[in-house]
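Worksheet: one structure, shown below.
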Amino acid sequence: MIRATLDQIARWAEGRLAPTADGGVPVAGVGTDTRAELGGRLFVALKGPNFDAHGFIDQAAQQGAVAALVEREQPDCALPQVIVDDTLAALGRLARGWREAVDPTVIGITGSSGKTTVKELLAAMLGQIGATAATRGNLNNDIGVPLTLLDWAPETRFAVVEMGANHVGEIARLTELVAPDIVVVTMAGRAHVGEFGSVERIIEAKGEIYRHCPAAARALINLDSNGADQWLKAAPQAETFTLDPCHREWATWFGEYDATAHELSVTERSQPVFDRLAVPMAGAHNAANLLAAIGLARLAGAPVEAITTGLSTFHPPAGRMGLVVLANGWRLIDDSYNANPESMRAALGYLAGQPGARFAVLGSMGELGSEDELLHRQLGEFAAGQELQGVIAVGPGAAALAAGFEAAGGPADSLEVVEDSEAATQALRQRLADRGRTAVTVLLKGSRFMHIERVREAFEREIGITPGTGNKTTGRGRDAALAD
3 MIRATLDQIA RWAEGRLAPT ADGGVPVAGV GTDTRAELGG RLFVALKGPN FDAHGFIDQA
63 AQQGAVAALV EREQPDCALP QVIVDDTLAA LGRLARGWRE AVDPTVIGIT GSSGKTTVKE
123 LLAAMLGQIG ATAATRGNLN NDIGVPLTLL DWAPETRFAV VEMGANHVGE IARLTELVAP
183 DIVVVTMAGR AHVGEFGSVE RIIEAKGEIY RHCPAAARAL INLDSNGADQ WLKAAPQAET
243 FTLDPCHREW ATWFGEYDAT AHELSVTERS QPVFDRLAVP MAGAHNAANL LAAIGLARLA
303 GAPVEAITTG LSTFHPPAGR MGLVVLANGW RLIDDSYNAN PESMRAALGY LAGQPGARFA
363 VLGSMGELGS EDELLHRQLG EFAAGQELQG VIAVGPGAAA LAAGFEAAGG PADSLEVVED
423 SEAATQALRQ RLADRGRTAV TVLLKGSRFM HIERVREAFE REIGITPGTG NKTTGRGRDA
483 ALAD
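Using the working numbering, the first residue of the sequence shown is number 3, and each one after it goes up by one.
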């Protein structure tokens, strides 16, 4: 975390010390929440439409803060203060100052989906060759990104920064703040289309990372994504990756994915580097995430051995294609962390290839705006073609999904519409009641607000899990490095 005197913080934040403040006060860390431990930290008094943290400075002092960053001097305040024009803007300037002081190799990641998976994969790989910091949780907005930078230890050698956005212009601002050395857009899809208005606007917004990174930054582009052509115009010297054989001759990294074995073979500039590398989470979309992480790691200087070792230590984030094998042999694929049209199709496509009876519990997708009904209907049409034994549609988008399912010829007796995860659990119980110990695979997926993970939790309580599988991933296979 940041370690500096109050004088240095005032310079980086472009503020001034209050008359009574001691500029020699040492600060170790930054905080914005008075409900958290603030021992030794600078408290940043942020303001918003419905809150003003200037009213909580005394609580910050009680929590251990040693100084405060404020927009107006607070009389009778026990904490020394740095006064700035705008605390949010000053937080960004302070973060940029610390970024330049630590000066690690910074990798910036954005995209409609896959950001967190690529971030965690890459951090595991780079951690094998140097001290590596990575965005914690979803701290990927205009507050979270500065806090991420300010959390870096002075000895950090690599920093992996996730950047999110709901509107055009946000990635541009974050990219200029972070000044990444290496950048990637994982993919551009319909996630958050309700905020952006169209896929074209999403492509534009995500592509800001290529247009606003430093001139010397190295870019990586997914040739299989919407928007790749536009991004290549913005970053003509970019390296590229693909799973599509049609793009192979133009790609720096080409991956050949074996969906049955969950293995990825990779060439780098037409030379083999990995043979049958185990993909830790199932589905072609996760093979693409792994390929992106490999490309980024190589651009950051990681040898092949570090990548294979890092991958062996990787533990997938919860709710992302995790496999639970119940005590009776039924398999639950928990991909409940979030959902958008592209990831829904990818997960259903994977489910369709599983043996035995296949069921899907599909929670509604959020943040789709005016396209909500259309996209849920299209998802239902797609699900109808996957030859599943049962589909349980959950939440506000369930009716549109059901309409699409039926219109596409999906059997009515395999479809059920319910309101919430509790009702989905009961519906799934009934559908599986006579399955005994036969082969059953259930996909659990939906946007975060649907809490579809509660279905898994209920079945774990009621049936129990096979020892050693509760946090298991859906990937398997062997990995072998061929060349550095």
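The C-beta atom is built at its ideal place from N, Cα and C for all residues, glycine as well.
Just so you know, these numbers come straight off a predicted model, no measurement behind them.
How long is the line joining the alpha carbons of residue i and residue j, rounded to whole angstroms?
i, j, result
"Leu279", "Ala237", "29 Å"
"Val326", "Leu266", "23 Å"
"Glu164", "Thr107", "14 Å"
"Ala329", "Glu462", "9 Å"
"Met367", "Arg74", "42 Å"
"Met3", "Gln232", "37 Å"
"Gln432", "Glu418", "11 Å"
"Thr242", "Leu298", "10 Å"
"Ala91", "Ala385", "46 Å"
"Ile211", "Glu178", "9 Å"
"Phe58", "Met189", "41 Å"
"His214", "Glu408", "46 Å"
"Gln380", "Leu245", "25 Å"
"His317", "Pro282", "8 Å"
"Ile109", "Gln130", "16 Å"
"Thr476", "Asp60", "Reliability fails at Thr476, whose pLDDT of 47 lies under 50, so the model's placement of it is uncertain and no value is given."
"Ala62", "Gly312", "39 Å"
"Val32", "Asp153", "8 Å"
"Trp14", "Ala289", "41 Å"
"His487", "Lys121", "The requested residue 487 does not occur in the structure, where the chain is confined to residues 3 to 486."
"Arg101", "Ala174", "17 Å"
"Pro50", "Leu353", "Per the sequence presented here, residue 50 reads as Gly, with Pro not at that position. If I take the Cα positions, the gap works out to 44 Å."
"Gln2", "Ala460", "This structure gives no information on residue 2, because the portion of the chain shown stretches from 3 to 486."
"Ser345", "Gln65", "42 Å"
"Ile467", "Asp436", "19 Å"
Which class does residue i belong to by DSSP, given the choice of helix, strand or coil?
i, result
"Ser314", "helix"
"Ala404", "helix"
"Leu390", "coil"
"Tyr259", "strand"
"Ala362", "strand"
"Ala395", "strand"
"Gln432", "helix"
"Ser272", "coil"
"Asp9", "helix"
"Ala20", "coil"
"Ser267", "strand"
"Ile510", "Absent from the structure is residue 510, since the part of the chain shown begins at 3 and ends at 486."
"Arg220", "strand"
"Val68", "coil"
"Arg192", "coil"
"Glu164", "strand"
"Pro148", "helix"
"Ile4", "coil"
"Val86", "coil"
"Thr244", "strand"
Buried or exposed for residue i, going by 16 or more other Cβ atoms inside 10 Å?
i, result
"Ile296", "buried"
"Trp252", "exposed"
"Gly99", "buried"
"Asp415", "exposed"
"Ala155", "exposed"
"Gly324", "buried"
"Ala38", "exposed"
"Gln83", "buried"
"Phe53", "exposed"
Measuring CA to CA, which of the options is closest to residue i?
i, options, result
"Gly285", "Val187, Leu350 and Arg360", "Leu350"
"Thr118", "Val393, Gly139 and Thr134", "Gly139"
"Asn224", "Ser200, Thr254 and Ile204", "Thr254"
"Ala400", "Asp374, Gln10, Asp35 and Pro413", "Asp374"
"Glu383", "Gly371, Ala410, Glu16 and Ser372", "Ala410"
"Gly42", "Gly33, Ser200 and Ala67", "Ala67"
"Gly34", "Phe256, Leu44 and Glu344", "The residue asked about is misnamed: residue 34 is Thr in this sequence, not Gly. Cα-wise, what sits closest to Thr34 is Leu44."
"Pro343", "Leu40, Ser115, Arg101 and Pro77", "Ser115"
"Ile145", "Gly321, Ala126 and Thr89", "Thr89"
"Arg450", "Asn340, Ala136, Leu364 and Ile467", "Asn340"
"Gly94", "Ile111, Thr150 and Leu313", "Thr150"
"Ala135", "Leu377, Ile465, Thr158 and Val147", "Thr158"
"Gln356", "Leu376, His378, Gly371 and Gln391", "Gln391"
"Ala161", "Leu128, Ala174, Arg175 and Val187", "Leu128"
"Thr310", "Asp277, Val186, His378 and Ala181", "Asp277"
"Ala490", "Gln273, Asp260, Ala435 and Ala70", "This structure cannot speak to residue 490, because the chain is shown only from 3 to 486."
"Gly358", "Gln388, Thr262, Ala126 and Thr440", "Thr440"
"Phe361", "Glu389, Pro216, Leu377 and Gln10", "Glu389"
"Asp105", "Ala217, Asp9 and Asp183", "Asp183"
Does the CB of residue i have a neighbour CB from chain C at under 9 Å?
i, result
"Glu424", "Considering every chain present, this structure includes no chain C. It has just one protein chain."
Quiz prompt | Contact between the region 294-308 and the region 417-425 (3+ Cβ pairs under 8 Å) | solution = no
Exercise. Kindly confirm or deny that the region 336-353 and the region 127-146 touch, where touching means at least three C-beta pairs closer than 8 Å.
Key: Judged by Cβ distances under 8 Å, the region 336-353 makes no contact with the region 127-146, as fewer than three pairs qualify.
Quiz item: Would you say the region 201-208 touches the region 167-181, given that touching needs at least three Cβ pairs under 8 Å?
Solution: yes
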